[in-house]
Amino acid sequence: MDMKLYTLQLSTNRDISLHDITPAINAYLRDSGIQAGFITVTTQHTTTAVAINENEERLVGDVKAFLKRLIPPQDRYLHNDIHLRDCPPDEPKNAHAHLAAMLLGGSEVIPVSEGKLVMGRYQSVMLYELDGPRERTVSVQIVGV
163 MDMKLYTLQL STNRDISLHD ITPAINAYLR DSGIQAGFIT VTTQHTTTAV AINENEERLV
223 GDVKAFLKRL IPPQDRYLHN DIHLRDCPPD EPKNAHAHLA AMLLGGSEVI PVSEGKLVMG
283 RYQSVMLYEL DGPRERTVSV QIVGV
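If you're matching positions, the sequence shown starts at 163 in this note's numbering and goes up one per residue.
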């Protein structure tokens, strides 16, 4: 059994944005030479999420609107009381982003068979930026033979 670890760096857009990281994951898989096993994709941040969904423009708009309705950024959150916390004065008020990331999840595990991701036709691995713009890091660990 072999294991390879890759690090994906990307710049995200402002506010909530979704980024299809499937092409990068496929490139890492080809580079690894692994034909059967699994890939674990994990965000390195508490205000981003990783989830499998369809990368379709109108659905992406629906996701953004849904998250803002579910966890309104302008609502009152204790985490946003910056003056009561031990943190830099320029710390963003981003409790809504932490809550959305918690609901969406920080990682996905995807099977690999015959050197390919085992996913449905319309599925993509998406990085959900919930507090951008920022520089983000995603780890991609590939395990198998």
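Idealized CB from N, CA, C, for every residue including glycine.
- Sequence-distant Cβ neighbours of Lys226 in its own chain, meaning closer than 7 Å and more than five residues away, are Ile178.
- Ala186 is the residue among Met163, Met165, Asn256, Ala186 whose C-alpha sits nearest the C-alpha of Thr299.
- Secondary structure of Lys226 (DSSP, three-state): helix.
- Secondary structure within the stretch 224-284: the beta strand (DSSP E) runs of 3 or more consecutive residues, fully enclosed, are 269-275 (chain order).
- In terms of CA proximity to Glu219, Ser286 leads the group Tyr190, Ser286, Glu297.
- Annotation for Ala189: the continuous alpha helix (DSSP H) segment containing it runs 184-194.
- For the set Met281, Glu297, Ser275, the Cα lying nearest the Cα of Gly306 is the one of Ser275.
- Taking a C-beta distance under 8 Å as the contact criterion, Arg192 and Pro295 do not qualify as a contact pair.
- For the options Thr204, Thr184, Asp293, the alpha carbon positioned closest to that of Pro254 is the one of Asp293.
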